[in-house]
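Here our numbering is used: position 267 in the sequence shown is 268, and no number is missing along the way.
Yeah, the Cβ is synthetic: ideal placement off N, Cα and C, and Gly gets one too.
Computed from a predicted structure; not experimentally measured.
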Amino acid sequence: MSGIGTVVKRQPTSYAHFTLPEACFEDVVSLAMAWTLGLPPFQKYRTNRKRSGVPPTLTIGQVRDEVIFDDGHLLLRAYGDDALWAVQFRHPQRNRAQIVWETLVLVDRSEGTTEFNQLTTRTSRRGSFTASRAALVTQLIERFGAQLGDRLLAGEPDVLDQSSAVDSYVRGVLLDPNRSLPVVVVSRPHGSGEPLVDPRALARCMAGSGLVVELTSARVSYAWSDALETHGLESKLDCYDGAVRQYLPGLAERPGLRRHRLYMRSRLAALPEAHRMETVAGAFLWDSVGPRIPEILEDVEALWDGEE
2 MSGIGTVVKR QPTSYAHFTL PEACFEDVVS LAMAWTLGLP PFQKYRTNRK RSGVPPTLTI
62 GQVRDEVIFD DGHLLLRAYG DDALWAVQFR HPQRNRAQIV WETLVLVDRS EGTTEFNQLT
122 TRTSRRGSFT ASRAALVTQL IERFGAQLGD RLLAGEPDVL DQSSAVDSYV RGVLLDPNRS
182 LPVVVVSRPH GSGEPLVDPR ALARCMAGSG LVVELTSARV SYAWSDALET HGLESKLDCY
242 DGAVRQYLPG LAERPGLRRH RLYMRSRLAA LPEAHRMETV AGAFLWDSVG PRIPEILEDV
302 EALWDGEE
């Protein structure tokens with residue numbers, strides 16, 4: 002990494018926020034602790050945890066109650082009670098010490114639900130985006146299901162294959178004033194051919210951080226453009242011919258083009274195919290979560306300060 006001006010202090014690489022049934026609280030905490038320590042069903046991460054400096058003698062019981070470990074290389078601190086569990090895990094990358102990874106997990110039981118939050122960040126060069134779904138999130142969704150509001154987060158895209166269904170989706174989902182998740186639209190190239198970004202892979206990656214919508218034909222993409230204009234939005238906010246766009250919450254109030262990032266097909270084609278989906282997801286995550294990272298970190302620090 003070169004050039005101080007190119008460094009982003011915190012770039013999100015993984016984020017998830019959803020709710021599960023209240024009865025799942027202890028099971029969610031148990032899985033989160035196992036993931037933190039690299040224990041079954043996450044044993045394949047055990048070696049990486051040891052290389053990061055996690056003491057091999059650290060037990061589930063210690064992490065469930067309260068532990069602080071800080072040797073100047075690794076920071077690991079956890080706190081838990083009957084209604085709350087949190088962990089913070091920060092360490093430099095083994096082969097590149099200037100890259101620092103940090104993960105936060107918060108599990109909160111209240112008002113009849115179990116609320117789950119997970120954020121992983123890394124220091125990175127500006128514009129160097131990547132994202133992936135944490136294995137912990139995959140386990141939680143597969144075992145217990147996950148929701149945010151009335152939306153079931155199954156890691157699958159919403160598929161719009163009929164023009165007649167588009168207007169109601171734009172009105173009821175995209176322009177919902179209470180929408181808290183970004184909506185990511187994947188369009189197909191005109192004519193024949195598959196999207197350059199697989200909407201199913203993107204939906205799996207963004208489960209808990211965004212809703213992915215697949216427009217299955219040029220006709221449906223045109224209907225999407227028409228629906229936006231019908232509801233008073235600028236036509237340049239559309240998405241068609243293989244493009245991918247993220248619509249952040251508050252679209253009606255803040256419809257600026259730059260706020261709702263667009264990847265045209267030509268730009269997607271210029272990205273290395275092996276990392277294209279992860280790059281696009283990382284850029285979208287930066288737009289939606291990046292501005293909130295200082296606030297999230299402040300909330301976590303307040304939690305630790307309150308327990309000291």
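Next on the checklist: If I follow the unbroken alpha helix (DSSP H) through S355, where does it start and stop?
Outcome noted: Residue numbering for the chain in the displayed model covers 2 to 309; residue 355 lies beyond these limits and cannot be assessed.
Item to check | Coil, strand or helix - S15 by DSSP | outcome: Strand, per DSSP.
Checklist entry - Near A204, which residues of its chain fall below 7 Å by C-beta distance, leaving aside the five closest residues on each side in sequence? => result The beta carbon of A204 is closer than 7 Å to those of G156, E157, P158, V213 in its chain, skipping five residues each way along the sequence.
Checklist entry - By how many angstroms is the C-alpha of V108 removed from the C-alpha of D306? => result If you take the alpha carbons of D306 and V108, they lie about 18 Å apart.
Item to check | Contact belief for Q140 with P42 at Cβ below 8 Å, rounded distance in angstroms | outcome: About 7 Å separates the two Cβ atoms, so the contact holds.
Item to check | Alpha-carbon to alpha-carbon, Y46 and A33 | outcome: A direct Cα-Cα distance of roughly 13 Å separates A33 from Y46.
Item to check | Whole beta strand (DSSP E) elements within the segment 161-204, 3-residue minimum | outcome: Taking only runs of at least 3 residues, the beta strand (DSSP E) segments lying wholly in the segment 161-204 are 184-188.
Checklist entry - Which of the three DSSP states, helix, strand or coil, is assigned to H74? => result The answer is coil: DSSP assigns H74 none of H, G, I, E or B.
Checklist entry - Within the chosen definition, does the segment 244-251 reach the segment 142-157 through at least 3 CB pairs nearer than 8 Å? => result Because the criterion of three Cβ pairs below 8 Å is not met, the segment 244-251 and the segment 142-157 do not touch.
Checklist entry - Can you tell me where the beta strand (DSSP E) with R293 in it begins and where it stops? => result Annotation for R293: no beta strand (DSSP E) segment contains it, and DSSP assigns it neither H nor E.
Next on the checklist: For G257 and V64, what's the separation of their Cα atoms in angstroms?
Outcome noted: Computed Cα separation, rounded: 45 Å.
Checklist entry - Which whole-angstrom value is the C-beta distance of E27 and T131, which I expect to be below 8 Å? => result No, E27 and T131 are not in contact; Cβ-Cβ is about 33 Å, not under 8 Å.
Next on the checklist: Please classify A270 as buried or exposed, where buried requires at least 16 other C-beta atoms within 10 Å of its C-beta.
Outcome noted: Taking every protein chain shown into account, the CB of A270 has fewer than 16 other CB atoms within 10 angstroms, so this residue is exposed.
Next on the checklist: Among the candidates Y241, A219, D300, V185, whose CA atom is the shortest distance from the CA of R262?
Outcome noted: When each option's Cα is compared against that of R262, the closest is V185.
Next on the checklist: Under 7 Å: does the beta carbon of F117 sit that close to some heavy atom of the ligand ADP?
Outcome noted: Looking for the ligand ADP in the displayed structure turns up nothing, as the structure carries no ligands at all.
Next on the checklist: So, under 8 Å CB-CB, F117 and L216 are touching, yes? Tell me the CB distance rounded to an integer number of Å.
Outcome noted: Between F117 and L216, the beta carbon gap of about 30 Å keeps them out of contact (Cβ cut-off 8 Å).
Checklist entry - In terms of residues, what are the limits of the alpha helix (DSSP H) holding R1? => result No information on residue 1 is available, as it lies outside the stretch 2 to 309 that the chain covers here.
Item to check | Residues bridged to I69 (per DSSP) | outcome: Under the DSSP definition of a beta bridge, I69 partners with R78.
Next on the checklist: Does the segment 51-58 come into contact with the segment 84-95, if we say contact requires no fewer than three beta-carbon pairs (one atom in each stretch) closer than 8 Å?
Outcome noted: The answer is yes - the segment 84-95 touches the segment 51-58, with three or more Cβ pairs under 8 Å.
Item to check | Simplified DSSP state of T139, which is helix, strand or coil | outcome: If DSSP states are grouped into helix, strand and coil, T139 belongs with the helices.
Item to check | Nearest to R255 (by Cα), restricted to the options L234, L161, D300, E112 | outcome: Out of L234, L161, D300, E112, L234 has the C-alpha closest to the C-alpha of R255.
Checklist entry - Relative to the alpha-carbon of T14, which residue among S125, D66, W36 has its alpha-carbon at the smallest distance? => result Comparing Cα-Cα distances from T14 to each of S125, D66, W36, the minimum goes to S125.
Item to check | Local conformation of D151 per DSSP, three classes | outcome: In the structure shown, D151 sits in coil (DSSP, three-state: anything other than H, G, I, E or B).
Next on the checklist: Rounded to whole angstroms, what is the Cα-Cα separation between C206 and R180?
Outcome noted: Between C206 and R180, the alpha-carbon positions lie close to 20 Å from each other.
Item to check | Span separating the alpha-carbon of L153 from that of D239 | outcome: Each residue's Cα considered, the two are about 26 Å apart.
Next on the checklist: Between which two residues does the beta strand (DSSP E) holding D393 run?
Outcome noted: Look at the range of the chain in this structure, 2 to 309, and you will see that residue 393 is not part of it.
Checklist entry - Any idea if Q12 is buried or exposed, counting beta-carbon neighbours within 10 angstroms, 16 or more meaning buried? => result By the 10 Å Cβ count, Q12 comes out buried.
Checklist entry - By Cβ distance, which residues of its chain are closer than 8 Å to C25, with the 5 residues on each side in sequence left out? => result Taking C-beta separations shorter than 8 Å and ignoring five residues to either side along the sequence, the partners of C25 in its chain run T115, F145, following chain order.
Item to check | Own chain residues within Cβ distance below 6 Å of A219, not counting five before or after | outcome: Around A219, the same chain offers H191 as residues with beta carbons nearer than 6 Å, after the five sequence neighbours per side are excluded.
Next on the checklist: For A35 and A208, which I take to be in contact (beta-carbon distance under 8 Å), what is that distance rounded to the nearest angstrom?
Outcome noted: In this structure, A35 and A208 do not form a Cβ contact; the two beta carbons are roughly 20 Å apart against a cut-off of 8 Å.
Checklist entry - Looking at C-alpha atoms only, which residue of V138, L76, F70 is the closest neighbour of S210? => result Measuring from the Cα of S210, the nearest candidate turns out to be V138.
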